[in-house]
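Mind the numbering: the sequence shown is residues 53 to 252 in my numbering, read in order.
Beta carbons: idealized from backbone N, C-alpha and C, even for Gly.
Below is one structure, written out as structure tokens, with a few remarks after it.
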Amino acid sequence: MNSRKNLILVDGDFRRRAAISHYLQGSDLHVEPFEDTGELFSCWPRDGLLLVHDTDDTIAAVLDHMGHSGDWLPIIAFAEQPSTRRIVEAVLQGAVDYLVWPFDEQALGESMHVAQDRAVAVAGSKLREAVARSRIERLTKREREVLSGVAGGLSNRLIGDMLNISPRTVEIHRANMLNKMGANHTSEAIRIAIEAALVN
């Protein structure tokens, strides 16, 4: 059985990509190099750890893609001489660790262990939030308003009064909402709304 770990490298600099790939030859890492996020998104890996060069909005773009697709992989960001602010921003966005290039195999190995440990906790909650958000995005504005009312504990009549529609219309929106969200009952819809951070 192959115990090699997948390291998905995203870096627009050919020389640095080649240097990192060459540097890790003979290790227990299998490096899959990608030139940019477009190439990565068109051939999204099933598993592994992302090592992403932090330039412009690359980290945000990768996180946005994962949020919409629901396919979550841990990210280690890296850059040459990053400012403290840049590192903090990347971590706040969702990167699980940050390396300064050039780094050695030991530093990368330690970062991967940290990333995998954090990923177990972070990926679970992030993936649930991403999946929940994608379900919420299927709803119309009116269906979201009904969901918000339901999550607030309001009856169909009170939701109808709030939205100036009949209780029967609220029922129709409620049924459509449950169907679109793939929820079997109201409590499941409320849980999804909470996971999507739609309600507190």
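- For M229, same chain residues with a beta-carbon under 7 Å away, outside a window of 5 residues either side, are L191, E195, V198, L199, A241 in chain order.
- Taking C-alpha positions only, G119 is separated from L61 by approximately 19 Å.
- Collapsing the DSSP output to three states places E195 in a helix.
- Each of L81, H82, F86, N58 was checked against the Cα of R68, and the nearest Cα belongs to F86.
- Here E181 is not near A112, since their CB atoms are 8 Å or more apart.
- In the three-state reduction of the DSSP assignment, I60 falls in the strand class, which pools E and B.
- Sequence-distant Cβ neighbours of A235 in its own chain, meaning closer than 7 Å and more than five residues away, are A241, I244.
- When DSSP states are grouped into helix, strand and coil, E240 belongs to the helix group.
- Here V140 carries a helix assignment [DSSP, helix/strand/coil].
- The Cβ atoms of I127 and V152 lie no closer than 8 Å to each other.
- Sequence-distant Cβ neighbours of H117 in its own chain, meaning closer than 6 Å and more than five residues away, are F93.
- Exposed is the label assigned to H237, since fewer than 16 other Cβ atoms lie within 10 Å of its Cβ.
- For the pair I211 and S186, the Cα-to-Cα distance works out to about 24 Å.
- The three-state secondary structure of A203, taken from DSSP, is helix.
- Inter-residue distance for G201 and L144 is about 31 Å (C-alpha atoms, whole angstroms).
- With a minimum length of 3 residues, the unbroken runs of beta strand (DSSP E) contained wholly in the region 93 to 144 fall at 101 to 105, 127 to 131.
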